[in-house]
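Undergrad:
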Amino acid sequence: MNTKVVLITGASSGIGEATALRLAREGHHVVLGARREDRLTKLASVIRDAGGTAEVARLDVTDRTSVAEFVDNAVSAHGRVDVIVNNAGVMPLSRLDSLLADEWDRMIDVNIRGLLHGIAATLPHFERQGGGHFVTIASVGAHQVVPTAAVYCATKYAAWAITEGLRLEADPSIRVTTVSPGVVESELADSITDPGAQAAMRTYRADSIPPDAIAEAISYAISQPAEVDVNEIVIRPARQRA
Ligand SMILES: NC(=O)c1ccc[n+]([C@@H]2O[C@H](COP(=O)([O-])OP(=O)(O)OC[C@H]3O[C@@H](n4cnc5c(N)ncnc54)[C@H](OP(=O)(O)O)[C@@H]3O)[C@@H](O)[C@H]2O)c1
Numbered sequence: 001m002n003t004k005v006v007l008i009t010g011a012s013s014g015i016g017e018a019t020a021l022r023l024a025r026e027g028h029h030v031v032l033g034a035r036r037e038d039r040l041t042k043l044a045s046v047i048r049d050a051g052g053t054a055e056v057a058r059l060d061v062t063d064r065t066s067v068a069e070f071v072d073n074a075v076s077a078h079g080r081v082d083v084i085v086n087n088a089g090v091m092p093l094s095r096l097d098s099l100l101a102d103e104w105d106r107m108i109d110v111n112i113r114g115l116l117h118g119i120a121a122t123l124p125h126f127e128r129q130g131g132g133h134f135v136t137i138a139s140v141g142a143h144q145v146v147p148t149a150a151v152y153c154a155t156k157y158a159a160w161a162i163t164e165g166l167r168l169e170a171d172p173s174i175r176v177t178t179v180s181p182g183v184v185e186s187e188l189a190d191s192i193t194d195p196g197a198q199a200a201m202r203t204y205r206a207d208s209i210p211p212d213a214i215a216e217a218i219s220y221a222i223s224q225p226a227e228v229d230v231n232e233i234v235i236r237p238a239r240q241r242a
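In full-length UniProt numbering, the protein residues as written are 1 to 242.
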């Protein structure tokens, strides 16, 4: 078993939480970051009770210093980091004519700047170590645009593009995977304040798959031999056709 030190941003719920549980069960050491530390502490207890190892850190991905500390502290504690799952994201959907500009800013800050902060904090360590694995959680919204999701999709197209650029530029010892989920059970839609977008989401999200389906894909990507780079995985509920 090749045990890795795996950093997960946005580990306090949904896909990040499921990824932490699965990877810890598989023997990896998980470092859990998010703003809701109480949720992380409970998750770490569940992992430890099941025989795994985990540590928690308060993390705000919009703050470059916070992300740098998250990564540097893990490197100080373990001598290396093997994987960062840049998963933290928000999705307050609305039509553009709702003019909810603060919510557009928040999506840009978390979904794009947060990803860039994760890359900036980790890339020098991967280069020094001679290896590492970036996993970006994008979305089917990185491949198609739907009404109410213009800004969200723009952030996910950006996440896709940044991750592909990283793949092209990075040394082959550094692996890069973009995972694009369809509708997954999580708290993601709770941040929608626009009533029209809320109503549309209730129908759109009726058929969802559990977050462990995404965690399993991440596990697959990081468990491949060093010369195998799984670049892209799209996972939708079988019933999701759009
Ligand atoms: N669920 C879906 O249908 C779906 C589909 C496609 C893509 N995705 C993507 O999957 C990723 C995970 O979302 P999810 O579905 O699991 O939703 P979720 O349950 O709402 O989880 C989002 C996570 O992001 C964290 N987060 C938000 N802002 C943050 C910040 N400033 N700093 C650090 N962490 C922050 C949250 O933690 P705190 O609030 O505690 O900070 C939470 O742990 C997102 O990138 C999302 O866009 C989800």
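Ideal placement from N, C-alpha and C gives every residue a C-beta, glycine not left out. Keep in mind it's a predicted model, so treat the numbers as computed, not measured.
Kindly examine ligand 1 and report whether one of its heavy atoms sits closer than 7 Å to the Cβ of P210.
TA: What you label residue 210 is simply residue 210 of the sequence shown in a count that begins at 1. Because no heavy atom of ligand 1 lies under 7 Å away, the Cβ of P210 does not count as near it: no.
Undergrad: Cβ of I137 within 8 Å of Cβ of I233?
TA: Translated into the one-based positions of the sequence shown, residue 137 becomes position 137. Translated into the one-based positions of the sequence shown, residue 233 becomes position 233. It is not a contact, given that the beta carbons lie outside the stated cut-off.
Undergrad: Let's see if you can read the secondary structure: which residues bound the alpha helix (DSSP H) around R48?
TA: Stepping through the sequence shown from its first residue, residue 48 is reached at position 48. That run of the alpha helix (DSSP H) goes 37 to 49.
Undergrad: Straight-line CA distance for residue 289 to E127?
TA: No answer is possible for residue 289: it lies beyond the span of the chain, which begins at 1 and ends at 242.
Undergrad: Can at least three beta-carbon pairs, one atom from the region 37 to 49 and one from the region 217 to 225, be found at a separation below 8 Å?
TA: Contact between the region 37 to 49 and the region 217 to 225 is absent, because fewer than three Cβ pairs lie under 8 Å.
Undergrad: Please work out which residues of its chain come closer than 7 Å, Cβ to Cβ, to Y157, disregarding the five sequence neighbours upstream and downstream, and give them in chain order.
TA: In the sequence shown, residue 157 corresponds to position 157, counting from 1. So the qualifying residues of the chain are A142.
Undergrad: Using three-state DSSP, classify S76 as helix, strand or coil.
TA: Mapped onto the sequence shown, residue 76 falls at position 76. Looking at S76 - three-state DSSP - the assignment turns out to be helix.
Undergrad: To the nearest angstrom, how far is it from the Cα of V81 to the Cα of K4?
TA: Against the sequence shown, residue 81 aligns to sequence position 81. Against the sequence shown, residue 4 aligns to sequence position 4. Looking at the two C-alpha atoms, the distance is approximately 7 Å.
Undergrad: Please state whether the Cβ-Cβ distance between N148 and A88 is less than 8 Å.
TA: Within the sequence shown, the letter at position 148 stands for residue 148. Within the sequence shown, the letter at position 88 stands for residue 88. Correcting the residue identity first, residue 148 is Thr in this sequence and not Asn. Their beta carbons are not under 8 Å apart, which means T148 does not touch A88 by this criterion.
Undergrad: According to DSSP, is N111 part of a helix, a strand, or is it coil?
TA: Stepping through the sequence shown from its first residue, residue 111 is reached at position 111. DSSP places N111 in helix when its eight states are reduced to three.
Undergrad: Just grab the DSSP bridge partners of H28 for me.
TA: Your numbering for residue 28 matches position 28 in the sequence shown. Looking at the DSSP assignment, H28 forms no beta bridge with any residue, so it has no partner.
Undergrad: Which residue marks the beginning of the alpha helix (DSSP H) containing V151, and which one marks its end?
TA: Position 151 of the sequence shown, counting from 1, holds the residue named residue 151. From DSSP, the alpha helix (DSSP H) with V151 extends over 150 to 169.
Undergrad: Any chance the CB of L96 is under 7 Å from a heavy atom of ligand 1?
TA: As a working note, residue 96 is residue 96 in the sequence shown. L96: no, Cβ never under 7 Å from ligand 1.
Undergrad: When the Cα atoms are used, what is the spatial distance from A227 to S76?
TA: By 1-based counting over the sequence shown, the position of residue 227 is 227. By 1-based counting over the sequence shown, the position of residue 76 is 76. Per the sequence presented here, residue 227 reads as Glu, with Ala not at that position. Whole-angstrom Cα-Cα distance: 27 Å.
Undergrad: Of all the options K42, T203, A215, which has the alpha carbon lying nearest to the alpha carbon of V135?
TA: The residue given as residue 135 occupies position 135 in the sequence shown. Nearest of K42, T203, A215 to V135, Cα basis: A215.
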